[in-house]
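These notes concern the structure reproduced below.
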Amino acid sequence: MPDPSQLAALAAVHRRGAFDLAAADLNVTPSAISQRIKSLEDQTGTLLIRRGTPCVATETGLRLIRHHDEVVLLERTLSHDLGLASGPATLRIAVNADSLATWVIPALSATEDLLFNLVIDDQDVSQDWLRRGEVVAAITSHPGPLQGCETLPLGALRYRTTASPAYVSRWFPEGFTVDALSRAPTLTFSDKDQLQDRWAAAHGLRRPVLPTHRIASSQAFVDACL
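The structure is reproduced here in structure tokens:
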């Protein structure tokens, strides 16, 4: 089995994106990090880190990182149960921005014996972080289940189509029509956000390519609509 210090080095290089930053996190020298990664690659017989800017783990490397995270969490949980824990465990979770802006923080605040490392991504793709082994949990719209994971229903976020009176007067002076919809500028969170296109398609716009502003902030998104 791989040495835990080698797995920790692998995870740190992938998440920090550089050997020197990983070394600083683990309080060792960059040379020590390089030696641990090289030794682990020799053991597995395959490349585990693609060197570059940033450095990223290969598919096999991600599988080892997931194993490392699971072992660390299990050890921390056992230590906590036995009253031996020296500090809280850290959970890395993929969360969509709207959930984070509304209900996630109050839910997480109810747990005092854990630390959280939140990765922000669209709900339609957040399960990919889980599939790659880069997080231990994900809030996702994917119906699941993923292999090796348990799926729990959390509820639903309901979205309403909204616009300011000035916007409606400017872009829909004769009421809602497909032609007006095709010309009216919209707001999109990011390139991964397909919600508006799906809504437009459901309301008669074929192959919708809507003119859009992109604002990757839930609060700014709301402010821009007012």
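Residue numbers (our numbering): 43 to 268.
Just so you know, even glycine gets a beta-carbon here, dropped at the ideal spot from N, CA and C.
Residue environment, residue i, which counts as buried when at least 16 other CB atoms sit within 10 Å
i, result
"Val113", "exposed"
"Gly197", "exposed"
"Val264", "exposed"
"Val146", "buried"
"Leu172", "buried"
"Ser141", "buried"
"Leu90", "buried"
"Arg256", "exposed"
DSSP state of residue i mapped onto helix, strand, coil
i, result
"Ile135", "strand"
"Thr230", "strand"
"Leu156", "strand"
"Arg248", "coil"
"Thr86", "helix"
"His184", "coil"
"Thr254", "strand"
"Val70", "coil"
"Val98", "strand"
"Val220", "helix"
"Val210", "helix"
"Ala60", "coil"
"Arg118", "helix"
"Val161", "strand"
"Arg200", "coil"
"Arg92", "strand"
"Ala179", "strand"
"Pro148", "helix"
Spatial distance of residue i from residue j (CA atoms)
i, j, result
"Thr132", "His56", "17 Å"
"Leu68", "Asp111", "15 Å"
"Arg200", "Leu252", "21 Å"
"Ala242", "Gln236", "10 Å"
"Leu157", "Cys97", "25 Å"
"Leu115", "Ser151", "19 Å"
"Ala54", "Asp62", "10 Å"
"Thr100", "Ser73", "21 Å"
"Leu124", "Thr254", "54 Å"
"Gly217", "Ala205", "13 Å"
"Arg202", "Gln238", "11 Å"
Other residues of its chain near residue i: CB distance less than 7 Å, five sequence neighbours each side excluded
i, result
"Gln48", "Arg78, Ser81 and Leu82"
"Ala258", "Phe231 and Ser232"
"Ala51", "Ala64, Leu68, Ile75, Arg78 and Ile79"
"Thr219", "none"
Contact set for residue i: own chain, Cβ-Cβ below 6 Å, skip 5 residues either direction
i, result
"Arg174", "Leu104"
"Arg108", "Gly175"
"Val70", "none"
- request: Determine contact between the region 220 to 227 and the region 182 to 192, defined as no fewer than three beta-carbon pairs at a distance below 8 Å.
  value: The region 220 to 227 is not in contact with the region 182 to 192.
- prompt: Hey, is the region 177 to 191 in contact with the region 157 to 166, meaning 3+ C-beta pairs nearer than 8 Å?
  reply: At 8 Å Cβ cutoff, the stretches touch.
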